[in-house]
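The numbering used here puts the sequence shown at residues 247 to 485.
The C-beta atom is built at its ideal place from N, Cα and C for all residues, glycine as well.
Computed from a predicted model, the values in this text were never measured in an experiment.
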Amino acid sequence: MNIFLLLLTLVLSATASADEARALMKSSLLRHAPAPFVYEEQTLVLSNGLGHYSVRTIKHYVRRDNSGDKDLMVVSTPHDASGVRVFVARDAGNGGRRGAKPSSSILGSDFLVSDLEDEQVDEFRYEILAAQYIEHIKHLVLRALPMDNARITLTSATERIIFLREDNLFVSRIDYHDAKGQLSRRQSFRDPRPDENGAWRASMILMENIKDDQRSLLKIDRRVHSSDYVPASVFAGLS
Numbered sequence: 247m248n249i250f251l252l253l254l255t256l257v258l259s260a261t262a263s264a265d266e267a268r269a270l271m272k273s274s275l276l277r278h279a280p281a282p283f284v285y286e287e288q289t290l291v292l293s294n295g296l297g298h299y300s301v302r303t304i305k306h307y308v309r310r311d312n313s314g315d316k317d318l319m320v321v322s323t324p325h326d327a328s329g330v331r332v333f334v335a336r337d338a339g340n341g342g343r344r345g346a347k348p349s350s351s352i353l354g355s356d357f358l359v360s361d362l363e364d365e366q367v368d369e370f371r372y373e374i375l376a377a378q379y380i381e382h383i384k385h386l387v388l389r390a391l392p393m394d395n396a397r398i399t400l401t402s403a404t405e406r407i408i409f410l411r412e413d414n415l416f417v418s419r420i421d422y423h424d425a426k427g428q429l430s431r432r433q434s435f436r437d438p439r440p441d442e443n444g445a446w447r448a449s450m451i452l453m454e455n456i457k458d459d460q461r462s463l464l465k466i467d468r469r470v471h472s473s474d475y476v477p478a479s480v481f482a483g484l485s
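And the structure:
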């Protein structure tokens with residue numbers, strides 16, 4: 247085989263692998279697609295290696311309709327933070343994004359706004375890595391690389407390693423690596439349960455800040471999938 251054919255074979259193989267990885271990510275998103283209307287009552291617990299911790303309770307509203315997607319978190323307690331909001335919207339069609347910056351911390355936690363947004367497949371390149379076991383369960387592993395430097399700036403992550411259960415493609419864990427390739431944060435999706443449509447939803451999401459020895463636990467105390475709980479009026483005046 248001459249050099250040209252060898253290079254062509256390698257390019258085609260890499261392209262096929264990238265296409266397979268992207269298809270795998272899309273299959274996961276389709277199988278566990280978010281409900282169009284979601285109301286949640288949440289507890290956010292922040293802690294560090296010194297034993298300090300703080301607690302916030304939150305009401306979370308998500309609405310997906312013909313106008314686009316809207317996501318709003320509103321602090322209920324403590325009293326001095328009551329009413330603080332985090333809002334993000336993506337318009338239908340062109341998908342224009344509005345609201346909090348992706349790199350913004352959510353209410354002083356180790357979660358960034360981008361961590362809890364829907365996966366934007368078109369903004370990343372995906373590669374398949376060797377499968378791994380997490381708690382005796384086989385997981386398929388993808389590396390997600392931002393398409394451009396702007397995305398890195400927005401999320402502060404050079405790459406993400408995404409772990410999907412082989413049996414149902416549920417994302418169990420995401421590792422975030424910095425520009426030096428070091429693990430900076432680890433996001434785990436705990437205690438998943440199927441909803442009325444069979445899609446799995448995590449009951450707890452843990453974010454471990456490896457560098458700063460901090461942890462943020464987001465616990466979903468109540469979840470309702472109903473437009474009655476997420477009327478359009480909830481988002482009135484937000485932009």
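With contact defined as three or more Cβ pairs closer than 8 angstroms, the region 310-324 and the region 334-351 are in contact. Cβ contact annotation for V387 (same chain, cutoff 8 angstroms, sequence separation greater than five): I374, L375, A376, A377, Q378, I407, I408, F409, L410, in chain order. Under DSSP, the beta-bridge partners assigned to V470 are Y285. Taking all protein chains shown into account, L292 has 16 or more neighbouring C-beta atoms within 10 Å of its C-beta and is therefore buried.
Apart from sequence neighbours up to five positions away, the residues of its chain that approach R343 with a beta-carbon distance below 6 angstroms are R336, ordered along the chain. Beta-bridge annotation (DSSP): K316 is paired with R309, A335. The Cβ neighbour count for D437, taken over all protein chains shown within 10 Å, is under 16; the residue is labelled exposed. Around the beta carbon of V359, 16 or more other beta carbons lie within 10 angstroms, which makes this residue buried.
V387 sits in a strand when the DSSP states are folded into three classes. Rounded to the nearest angstrom, the Cβ distance from R331 to M319 is 7 angstroms, consistent with a contact under 8 angstroms.
In the DSSP assignment, V417 falls within the unbroken beta strand (DSSP E) covering 417-423.
Residue range 446-455 is occupied by the beta strand (DSSP E) that includes L452. Comparing C-alpha distances from V367 to each of E266, S485, P477, A482 shows the shortest one belongs to E266. Counted as a single uninterrupted DSSP element, the stretch harbouring Y475 is not any beta strand (DSSP E), since DSSP gives it neither H nor E.
In the structure shown, the three-state DSSP call for S263 is helix. In terms of Cα proximity to K272, the closest of R447, D459, F416 is F416.
Contact annotation: the region 277-297 does not touch the region 427-437, with fewer than three C-beta pairs closer than 8 angstroms. An exposed status is given to S479, since fewer than 16 other beta-carbon atoms sit within 10 Å of its beta-carbon. DSSP places L276 in the helix class (H, G or I) of the three-state scheme. In the structure shown, V321 falls within a strand segment according to DSSP collapsed to helix, strand and coil.
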